[in-house]
Each structure stands twice: as C-alpha cells, then as structure tokens.
Amino acid sequence: MENKSKAPKYEHAKIESKWQKVWAKNKTYETKEGGKKPKAYVLDMFPYPSGDGLHVGHPKGYIATDIYSRFKRMNGFNVLHPMGWDAFGLPAENYAIKNKINPEIAVKKNIKYFKSQVEKIGFDYDWSREVNTTDPGFYKWTQWIFLQLYKKGLAFESSEPINWCPSCKTGLANEDLENGKCERCGSEVEKKPIRQWVLKITDYAERLLSDLEALNWPESIKESQRNWIGKSEGSEISFPVKTKYKYVLLHGWKSDSKSCFIPWLKRELEAEGHEVVALDMPHPLIPDVVEQADYVLSKVKFDENTILLGHSLGSVVSYRILEKLKTPIHKLILVAGLIEPKFRDHDRLMAKYLMSWKFDFEKIKKNVGEIVIIEDNNDVIIPDGESAVIQRALGGLTYRLEAEKPHFCGMVEPIVLEHCLDKIKVFTTRADTLFGATYLVVAPEHPLIERLSPQITNIKEVQAYVAKTIKRTEIERTAEGKEKTGIEILGLTAINPTNGQEIPIWVADYVLPDYGTGAIMAVPAHDERDHQFAKKFKLPIIQVIGEDLPTRLENWGGAYAGYGKLVNSGKFTGMESVKAKEAITKMVRGKIVTKYKLRDWVFSRQRYWGEPIPIIHCPKCGPVPVPEKDLPVILPKVKSYEPTGTGESPLAAISKWVNVKCPTCGEKAKRETNTMPQWAGSSWYYLRYIDPKNTKALIDKKKEKYWSPVDMYVGGTEHATRHLIYARFWHKFLFDIGAVSQTEPFTQLKNQGMILGSDNRKMSKRWGNVVNPDDIVRDYGADTLRVYEMFMGPFEQGASWSSDNLMGARRFVEKVWRLAGKVSTGRSHVLGGPDKRLETLLHKTIKQATTDINNFNYNTVVSALMILANEWEKAETINKEDWLTFLKLLAPLAPHMTEELWSSLGQKGSIHLAAWPVWDESKLISDTVSLVIQINGKTRETIIIPTNLSEKEAVKMALDNDIVKKWVGVEPLKKIIYIPNRLLNLVI
RNA sequence: GCCUAGGUGGCGGAAUUGGUAUACGCUACAGACUUAAAAUCUGUCGCCCGUAAGGGAUUGAGGGUUCGACUCCCUCCCUAGGCACCA
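Each residue of the first sequence is one higher than the one before, counting from 372 in our numbering.
#1: Based on Cα-Cα distance, which residue from 869, 460 and 1081 lies nearest to residue 503?
#2: Kindly confirm or deny that the region 985-997 and the region 1027-1045 touch, where touching means at least three C-beta pairs closer than 8 Å.
#3: Three-state secondary structure (DSSP) at residue 1034?
#4: Run the CB neighbour count on residue 1168, radius 10 Å, all protein chains shown included, and call it buried at 16 or more, exposed below.
#5: Roughly how many angstroms separate the alpha carbons of residue 934 and residue 865, rounded to a whole number?
#6: Quick check: residue 1184 and residue 1155, are their CB atoms within less than 9 Å of each other?
#7: Could you give the DSSP three-state label for residue 774: helix, strand or coil?
#8: Leaving out five residues before and five after residue 889 in sequence, what residues of the same chain have Cβ atoms less than 6 Å from its Cβ?
#9: Quick check on the burial criterion: 16 or more other C-beta atoms within 10 angstroms. Buried or exposed for residue 887?
#10: Can you give me the Cβ contacts of residue 1229 inside the same chain, cut-off strictly under 8 Å, excluding the 5 residues immediately before and after it?
#11: Is residue 724 helix, strand or coil by DSSP?
#12: For residue 875 versus residue 811, is the C-beta spacing smaller than 9 Å?
#13: Name the one or two DSSP bridge partners that residue 415 has.
#14: List the endpoints of the continuous beta strand (DSSP E) containing residue 606.
#15: Alpha carbon to alpha carbon, what distance is there between residue 609 and residue 787?
#16: Keeping to the same chain, check which residues put their C-beta closer than 7 Å to that of residue 1173; ignore five residues upstream and five downstream.
#17: Alpha carbon to alpha carbon, how far is residue 798 from residue 996? Give it in angstroms, no decimals.
#18: Considering only residues of the same chain and omitting the five flanking positions on each side of residue 448, which have a CB-CB separation below 7 Å?
#19: Beta-carbon within less than 6 Å of residue 1290's beta-carbon, same chain only, minus the 5 sequence neighbours each way: which residues are those?
#20: Under three-state DSSP, which class holds residue 579?
#21: Compare the Cα-Cα distances from residue 1050 to each of 547, 525 and 1145 and report the closest residue.
#22: What is the DSSP secondary structure of residue 437, counted as helix, strand or coil?
#23: Is the CB-CB distance between residue 1099 and residue 457 below 9 Å?
#24: For the beta strand (DSSP E) containing residue 798, list its first residue and its last residue.
#25: Contact defined as beta carbons within less than 8 Å: I believe residue 640 pairs with residue 999. What is the distance between those atoms, to the nearest angstrom?
#26: Pull up the distance between the alpha-carbon of residue 1234 and that of residue 1178, whole angstroms please.
#27: I'd like to know whether the C-beta atoms of residue 1300 and residue 1312 end up nearer to each other than 9 Å.
#28: Could you check if residue 576 is buried or exposed, using at least 16 other CB atoms within 10 Å of its CB as the buried criterion?
#29: Determine which residues share a DSSP beta bridge with residue 878 and list them.
#30: Residue 620: which of 432, 645 and 716 sits nearest, CA to CA?
#31: Excluding the five sequence neighbours on either side, which residues of its own chain have a C-beta within less than 7 Å of the C-beta of residue 944, listed in chain order?
#32: To the nearest angstrom, how far is it from the Cα of residue 347 to the Cα of residue 1119?
#33: Skipping 5 residues on each side, what residues in its chain have a beta carbon closer than 8 Å to that of residue 522?
#34: With DSSP as the reference, identify every bridge partner of residue 587, one or two as the case may be.
#35: For a test of the three-state rule: what should DSSP assign to residue 1304, helix, strand or coil?
#36: Which residue marks the beginning of the beta strand (DSSP E) containing residue 564, and which one marks its end?
Okay, here's the thing in structure tokens:
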C-alpha cells in the first residue's frame, strides 16, 4: 500500500506526447548508412490516404513491424523502417470528385490527417525517408521504369478488347476484377476495344511461378499466385479441316507444271478432293508476267473458293492476276516469293529491265482474303528477309523455315502442303484421349469462322449465334450451372489426325477465345464439360481411357476425367495415360507446350489522377518515348478532372499540355493522355526508401546492394494477386536490366488478420462499427492500444474488437506502472527471503520473448510478460537489474511507458537503443521439478523431485507415494517409461 | 469441382512439436475496501456423477499407430480464403 502511494499516477497522455517529442528531437530512429552492423529492412505496405482516415484495424500491421524493428535494433541490427503514401489512383480521385476538391489538395489534406493518426501511436519510422507516389520527384522514376520496359519491348500499345468499367469510365486489368465485376465499384465490366498500353508480364510468368518456391511467405499467398499464373502443360495439335477449294498453282522462271513440288502437290490436293489447276505458262524463259497473268485469267475462273499459289516468279504473276480481279479469292500462298528485282546469286537482267515492279497493293489486298508468305532460310536466289518486305506491302502471315531443297525445289515439300490446307489448332492437356475426340469446338471469336465463311453453308445462323454470344458479358457467359449453348458449323468438317475420322466442328461459348488457341478438341467421355455438351446435342461419346476400370462408360454419371490405361486407341491401346500423352503428340506431329492463365497487364487508365505515360505520338515517327532528360512528365493542373467516358482521359482536353514537338523529328505531335494504374508507384516504392532523394538515378547501387531485399514485409492478404505480383514482375525486370541486385523484392512476408467490429462485421461507416485509434489513444493510451492489438490472438488471424479485452490490456499496463514502486537494489524477494524461482522465471521470459518476437507470436509474448508481472506482484521487492531487463522486454510493445520508467531510474540514453537481454541457459533449470506419474498412460499423481533424478530413484520415490501404491497395488510392473524431469509412466 | 489454411471452455486463445490439455486475458459469480457506486484488490469458474474425498468422459466425427495423440496416419463433416466452362 505504501508503494502504491509512492508511484506517481499513470498519465498516458503526458508520457506519450513527451517521449514522442524527445524521440523526434533526438532523431532516435533515424537510419544511418554504413557501419559494420547487419541490416534489417522492415516494411509495411504503405496506405492510401483515403478521406476516412485510419480505423483501429489499419495499425495492427504497423504495430507488428514496429515491435519487430525495435527488437531488431536492440539486437544490434541497422534497421530501416520507413513509411510513405500511395496516393495516386481511383480511390483518391473518386474521393476528390465526390467532395469537389482537386485531388492534389484532397490528397495533401488526407496525408496530413493520416500522418497525425499514425504519429500518435508512437512508431519508430524514419520520417526523413517518407515517400509519396504523387510527388514528381518520385514519379519521375515510375515513368523512367516505364520507358525501360518500353525499350525492351515489354510495354506496347494494343487495341484488343479489354475490361471496361462503365461506372469508373476506364479500362481495367484482369487483376482489377472480382467475379467479372469492377473491384472498386462493383459494376459489371464490358468488353471494349480501346487503344491501351499493356505490359508484357506474361514473359515473366514462369519465373514468377518458380521463384515462389524459395520465398518465406504464407502458403496461402503463394497458392493464390500459383492459381493466378495458372500454368498447365499440354500439347498443341492440328486438326486438318476438310474443305473444297480450287487450287491454281503457278510455277517459277524457267520451269513448268512438271517441275519441283508442283506435280506432287497436285496429286496430294486432289487426293483430298480439291480441284487443282497447274498451268504451263507461255514464255517461261523470257517471261512477260502481264501476258502470263492474262493467260491464266483466260484459262481459269477465279472466285471466293480459289486458292492461288505462286512459286518464285509465279508470285509476281499472281500479283498481276489479283490486280485485275473483280471479286476476291480465298487465299494467296507465296512460296519463295519476291516483290523487288533483287537476287542473291546474280542479276537477272530481264527481271530488271523488261518488267515493271510497280504494283497496286491496295487492289491486291482487297482481292484476297488471306495471304501466306513462306520463305526458305537457305534460299540461294531470293534475298534473306524478302518475306518481311512482302509482308510490309501486302500484310499476311510470314513463315521462315527450312525447305527440303533450297528455294523449295524439292520434289516433295510437305511444308507447302501444310500451308495449303486449312487447319484448326487446339490445346489439350490430355493428348492421351485424342482417339476419343469426336468433335471440335471453336470460340465464337475464332478467326476461322470469318476466314472460311464462304465454305460454311449455314453461315447466317452461325453469325447470328456469334453476334449473340459476343455481346454477353463475362459473367453471363460463365454463369455457373448455365446450360451449354452452341451451333454446328455446317459445310466444314475436321479430320481426327489419329485415325482419319471425319468429325464435326461446332462453335460454342464455353470455349474461351483468349486461352490456349481458342479452339478445343472435345473428348466427351473424359471431360465433364464436353460430356454435357455431347449429351445435349447428341454427339458421339467414345471411351478411350479405363481399360482397367471396374465399371463401363454407360454406368458413369458423367465423364471419367482420371488417368488409366488406354482403350480404343489403335496401337496405343493398353498404354498408360502419362506415357501416351507424349507418344500420341509425337505421332500427330504436335508440339508439347506450356500455357498460362496469366494475362498481360493492361496498364493505361483513362483517368486524370495517375502518372502520365511518358510517350509522344508523332504522325510521322509513331510513338516516341519522352527523352529521359525531359522526365518527369508533370501531371498538369486542370479545372475538370472528371472522367470523360469516351476512352480518352481528361488530359486530352488540355491542348497546351497535349500539343508538343516530336523529340525525334521536331514536327507537331501529341502527348499520350492515358495515365498509369494505381499499382504503378507501389510496384517499386520500397526501393525509393533506400535512396529517397536521388535525382540522378533510380537508386544508388551501393545502397541498394546493402539494403535489398526487404527482410520483413507486412500487409493484408488483399494484395496477393495484384501488388505482390506486379512488384515482383517489376523487380525481376529491374534485375534483368541491372538496376537492382536481387531477383525478389520481399524475402519474408506476413499478413495481418483483419480486425472486425465488435459486431463481427468488417469495420465500415455503413455498419457504424468503426473505432478510431485517436479515441483509443486519447482515452487509454497508445501503449495500451499496442499491447491490446498484439494480445488479441495470433497475428495472422482475424479477431473482433472488444472494449472489455482492451481494458485487460490497460490493466496490465497499469500493473507494470505500479510494480515500479517495488524496485530495490537487493534480490527479488518474497516473504521470507530471496526467491530463486523468480530468477528462473525471468530467464524463461527472456527466452520466450526473444523467440516469439522473432516469429511474430506477439500474443504469447504479452502473456509471458503478464505471468512474470503477476509473480512480481506477489513479491515484496523487485531487483533493479531484473526490472530493467523486464522493461527492455516490454519496450518494443509499450515504448512510451517503458522509456519513462527507464529514465526515471536514471538510465542514460533511450531504452530503445539499449541492448536486448540475453538469457542464461543454466538459470533456466530449477532445483526441483514436478514429475507426472502415469499408470497405463493415465495421469494419477504429480510429485516434486530433485532435478535430473535417475530413473531408479524416481521409480522408488513414486512407489513410495500412497496414491501410486493404491493404483499399482500388487501388480508387477510390465514396463517403465521415464522422461527425466517430466514424466514417469508405469505400465501394469 | 480443384487448391490452401483452420476446427481446443461462455468468449479471444495457450500447449516446450508425441509427454500434466484448457497457460494468459475477458466474461460471470462471491468476498474485501466504500455511506454508496466506479475503480482496485482477493477468491471461484470447461463438462458429467458426487455434500465431499474422489471418479468418468473430453481438443469437429469415426478409425488407426503408440506405454502415451490437440500434435503423426487414413476416412468423413464443417468454417474461412484463392482459382474456376482455363480444355
């Protein structure tokens, strides 16, 4: 009682503001470079400074890193523990629009409020390194990284249809969707083709996946990323399409219809049922291509089902033919074709002087549906790269490969035949079931439908189905339990390459256009979806797996998707699935390939509040990167920053900013007006803390090498497949260009569990269950808040707020405050004298606090400290050295109070710079231990024995015990299990 | 459907990794102090039988390994999260 009155009252507000000022003045937590200390980079995911401010859930992670960083500092580490603001992006912008404040002003205001909230909790941040993604000095380097990506071809423009949020009025990345809805506002997204910038994150898919293995991250986050990347290994297999065409084959200079591959190709195509015309053209030695073209036109009628093939000079004849046609033909195939009078071996004077090389490219393009250009890598006549020259003039697809004989002069040229025939390429992970592929299905978006439309007899119905399905949103298309729809494409059939079977081709929207090849082989016996589809449309189902299955196909409810031995599979019958995959792929000349579900990162937003993309569009030079010396491209101040919804950002309206001179040619040009997504700045901000003031380079190499990577990264799980994938991607890219020294940015990651409201619901204004940390700090103190949040339960688990439990933490803090009154210079006493038990307990507590803080098991640290405090409360006096040790253990958790008690005992310097206590292993052992005695594995008695007693003596002591005697009786001991200092089990 | 993490008193949760299950805290109840209340302090507090001494069952369910299982193995149920018509 006397001690109680001696101690001054615990006034948290006074103590906390006092020490916060002292720490700031003394720069207690400023990180200094160099020295011989090992480093520890401890990092929080930096917040959006939203208008609402923080609720008590936000600081949970910050408290955890704060404890960890203080602990590391006291253990002799050079600690980097910074904080900053992720202030670009939709939340900040929407807040600004809603409140009619310029985003720049709104963000400044919000940051000020956030910072005041954070500072009250007493974190050890080095504020001299504070970063803000909207600061031009910061986003200069965000733009710089974009330019490096652009230079390496990893940033490109595309007009593919992307996810468009009609409410946020901007394009979105795949990662920004939640069940097909905009993650921010919940609107259903539409597919809209708008021009946008895309980052080629898919180039890094394999590394992003395989490097996960070595990371010390929660398994669930790694699993999310694995799911998101979605790797699957399978085969690409081509199915020939059976069509009816008229082929016109034109031979080259000095040849005729009997030379090279022409006769062979004619036979092969005729065998497939096509009509083939191979003409001998007039004057093969000194040709006049105009005359030859007229000759061909007089002999052959060209229409939409004609395929024209020109070999060598025949290609030039084909241009002249196409110039003169009234209606387009289906396809033009150029084999070793040419478009200019250049030759590898010698000049051909007739080609140079007797012929014109001017062509009407527009007319030619108009008169042909599809162009294929095949170049021989070992050609001796046509110059290297001629296919690219032709492609520039005419478009089409080019293939550079090795012919059987140079210049495609072989009698047999299978590659030429392959390009003459139409094919559907499918991706499958189950090549072993290929014999059971009874039909093909293509996505409604598949180019084949358009390309082969003249051959499709029910084209009207097919087009109607396509039009209907393409309009549907992603959710409608993939809605669970949805009946499968589709329509057969009549007039076309495909050939199963294993057995030559003719199979139908369907179009159905259960096949997705942007995964695999946009077409599948359907194996209804062994794929649930195909099974449903086949049942509905009465398509054949053939079992090819399961020779050894107990039940037959008819008895299965649906498809059997497992592995097994093959049946009905020709020479592969009896083979195991796994082996058959490779063997069958090989037989049909398929390719083993790897596919990923990860899509490229749609990187532009048609919004105001983001980093401008540093590109200038010049009518002459195309897109030109802004020279690095001109960075940053400053986001201009505007009056109206509301989204336009037109696919253009509000920046497009600022002509003063938009109109610039092309950096390459100096002519009039326009700035890119799209901005970057909110994830841009956060993809590299952790590097900026290392070197926050650098204006010359992204980061100083020496500093980067010292501090990278982040040793402990803490944040919420919601960033699993966005921030954490994007940042890893950028980091790997920066590693590839030599800007950083590590391949991964964050070696260890912890997720804090969410703090829910006292009603078990997510804290939100909507439920009125939000608790503001300012109120808790004011009424109970920051130290109490910190201790409470750490004591709530395991760090990675969620828990709901409870004011009762908060009081428990407050009581503990006050108890510690009161204990200070018992401190004396003698040994810790209980009534009657010094107590060795308390010494043992102290050392146990040091050990537990040390290992538990290292593992983020803060709830058990608090409990251990409580146990010691409870014991001391029963003691008369507390030894001063023991007390100081205890304060140090508590210091990371309750920094203000411990600092106050530390200094009140006359200690020099901050407790937070003191050395962490070390436990003495020998002091952990007490003189006596309680030994558990079990009879047949059941606990019956506990006896106190001297430490390290031998088995013999322990058994003797146990058998002396009355209760043990009662249980053992006269039975002989069958077996004795003795665990020294712990347990004795007597089996009778 | 596939994958991942979980399931322990009235509640939040501990358990030295196979060795006394329920530490620590909250709640509740009783007592002390007080004119009274709050605060504080002290004590009791998982379940069933029993006045008690004592005994029995018990870590989502069932089975197994073991002298001994919250902990390891198998089957199943439930909760949370990720992916999902991805061929």
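Built from N, CA and C at the ideal position, the CB exists for glycine as well. Please read all numbers here as calculations on a predicted model, not as lab measurements.
According to the structure data:
#1: Ranking 869, 460 and 1081 by Cα distance to residue 503 puts 460 first.
#2: Contact holds: three or more Cβ-Cβ distances are below 8 Å.
#3: In the displayed model, residue 1034 falls within coil according to three-state DSSP, outside both helix and strand.
#4: Exposed.
#5: Roughly 26 Å separates the two Cα atoms.
#6: It is a contact, given that the beta carbons lie within the stated cut-off.
#7: Here residue 774 sits in coil by DSSP.
#8: These residues qualify, in order along the chain: 814 and 817.
#9: Flag for residue 887 reads buried.
#10: Once the five neighbours on either side are set aside, the close Cβ partners of residue 1229 are 435, 438, 1161, 1162, 1166, 1223 and 1264.
#11: Note: residue 724 maps to helix in three-state DSSP.
#12: A contact, by the Cβ cut-off of 9 Å.
#13: Bridge partners of residue 415: 1085.
#14: From DSSP, the beta strand (DSSP E) with residue 606 extends over 603-613.
#15: When the Cα atoms are used, residue 787 and residue 609 turn out to be separated by approximately 15 Å.
#16: Close CB contacts of residue 1173 within its chain, under the 7 Å cut and outside five residues either way in sequence, are with 1129 (chain order).
#17: Distance between the alpha carbons of residue 996 and residue 798: 38 Å.
#18: 408, 409, 410 and 411.
#19: Excluding sequence positions up to five before and after residue 1290, its CB lies within less than 6 Å of the CB of 1214, 1217 and 1218, all in the same chain and listed in chain order.
#20: Three-state result, residue 579: helix.
#21: Comparing Cα positions, the closest option is 547.
#22: In this structure, residue 437 counts as helix in the three-state DSSP scheme.
#23: No, the Cβ-Cβ distance between residue 1099 and residue 457 is not below 9 Å.
#24: That run of the beta strand (DSSP E) goes 794-799.
#25: Contact doesn't hold; Cβ gap of about 56 Å is too wide.
#26: The straight-line gap from Cα to Cα measures roughly 15 Å.
#27: Cβ atoms of residue 1300 and residue 1312: not closer than 9 Å.
#28: That one is buried.
#29: The beta-bridge partner set that DSSP reports for residue 878 consists of 813 and 858.
#30: It is 645 whose Cα lies nearest to the Cα of residue 620.
#31: By the criterion of a C-beta distance shorter than 7 Å, residue 944 is surrounded in its chain by 937 and 938, once the five residues flanking it on both sides are discounted.
#32: The structure shown does not extend to residue 347, since the chain spans only 372 to 1359, so no value can be given for it.
#33: Cβ contact annotation for residue 522 (same chain, cutoff 8 Å, sequence separation greater than five): 996, in chain order.
#34: DSSP output for residue 587 lists 1119 as bridge partner(s).
#35: Strand, per DSSP.
#36: For residue 564, the enclosing beta strand (DSSP E) begins and ends at 561-564.
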